[in-house]
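Everything on this sheet refers to the single structure shown next.
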């Protein structure tokens, strides 16, 4: 929805032959891609089998951990895609390396994901906002499980360090409620409000208790405050959504990552 009707921003070839979706989740992106590119073989991979059984004939779902060694053939994919993988990946440089090696020369890798660093452009988000506090909790949870909620801000550097060319970073704004005047952004804000109210808040609550061993009573008070805030149309808050993509060099002499700089998963 945030990217309009585009399933990807990377300018891939008109008739891709093989597409890989990392952390496919419900499989909706992989299904849409399989329908848009019927001549391509689309593979959706995830650790959890929650995908539907009725799917396009050119789509397969596989159960695997993308942080393990990839078993697909190297140099075979026209597009490798990952969305909202932030809490699933502990070693981003390793993921970048495997993606680079498994792309065809000239093919693209695209990552996208949000960072709950809540902002407002007009000062309507209070400094003591419950949203800001929940963002801090998210980052603390991510660190506790060995990930980092800030990784999307580093993706562009990772792409460049591993030898990708024509690297593009776009930072889009996700409104937290339907405050924007723009019709498209208003629809996105309405979806985000519903998603937070019905799903995200409860996910945060479980993580706060199970990962941080936090006081559930404190969090319920915080969550109630956040739900009240999100209903306020005068609070014009948003979070950044990063989309980064890059092309593997077309030259056959560059079949391995360049490692121009050392990149640690802990940085």
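In our numbering, the protein residues as written are 46 to 312. From the three backbone atoms N, C-alpha and C, an ideal C-beta is built for every residue, glycine too. Quantities reported herein were computed from a predicted structural model and do not represent experimental measurements.
Residue i - containing alpha helix (DSSP H), residue span
| i | result |
| --- | --- |
| residue 272 | 261-275 |
| residue 252 | 246-255 |
| residue 73 | 73-81 |
Candidates the options, of which the one nearest residue i by Cα
| i | options | result |
| --- | --- | --- |
| residue 185 | 285, 199, 87, 257 | 257 |
| residue 194 | 203, 201, 204, 181 | 181 |
| residue 125 | 90, 65, 98 | 65 |
| residue 171 | 76, 289, 274 | 274 |
| residue 70 | 56, 128, 228, 114 | 128 |
| residue 96 | 230, 289, 73 | 73 |
| residue 201 | 190, 90, 287, 114 | 287 |
| residue 267 | 178, 169, 278 | 178 |
| residue 199 | 101, 137, 94 | 137 |
| residue 255 | 190, 82, 163 | 190 |
| residue 119 | 98, 144, 252 | 144 |
Unbroken beta strand (DSSP E) run spanning residue i, endpoints
| i | result |
| --- | --- |
| residue 150 | 148-159 |
| residue 287 | 282-292 |
| residue 108 | 104-108 |
| residue 126 | 122-128 |
| residue 90 | 86-91 |
| residue 162 | Careful: residue 162 lies outside any beta strand (DSSP E) and carries neither H nor E. |
| residue 116 | That residue, residue 116, is in no beta strand (DSSP E); it is neither H nor E in DSSP. |
| residue 64 | 63-67 |
Whole-angstrom C-beta distance between residue j and residue i, which should lie under 8 Å
| i | j | result |
| --- | --- | --- |
| residue 85 | residue 62 | 6 Å |
| residue 165 | residue 281 | 5 Å |
| residue 130 | residue 217 | Contact doesn't hold; Cβ gap of about 17 Å is too wide. |
| residue 134 | residue 112 | 7 Å |
| residue 211 | residue 292 | 5 Å |
| residue 75 | residue 116 | 18 Å between Cβ atoms; not a contact. |
| residue 290 | residue 52 | No, residue 290 and residue 52 are not in contact; Cβ-Cβ is about 12 Å, not under 8 Å. |
| residue 162 | residue 284 | 6 Å |
Residue i beta carbon near the ligand ZN (any heavy atom closer than 8 Å)
| i | result |
| --- | --- |
| residue 64 | Questions concerning the ligand ZN fall outside what the structure shown contains, since it holds no ligand whatsoever. |
Item checked: Residue ranges of each beta strand (DSSP E) within the segment 170-244, 3 or longer -> 210-220
Check: Are the segment 242-257 and the segment 134-151 in contact at 8 Å, needing three or more beta carbon pairs?
Finding: no
Note to self: With three or more beta-carbon pairs closer than 8 Å as the criterion, would you say the segment 263-279 touches the segment 218-228?
What the structure shows: yes
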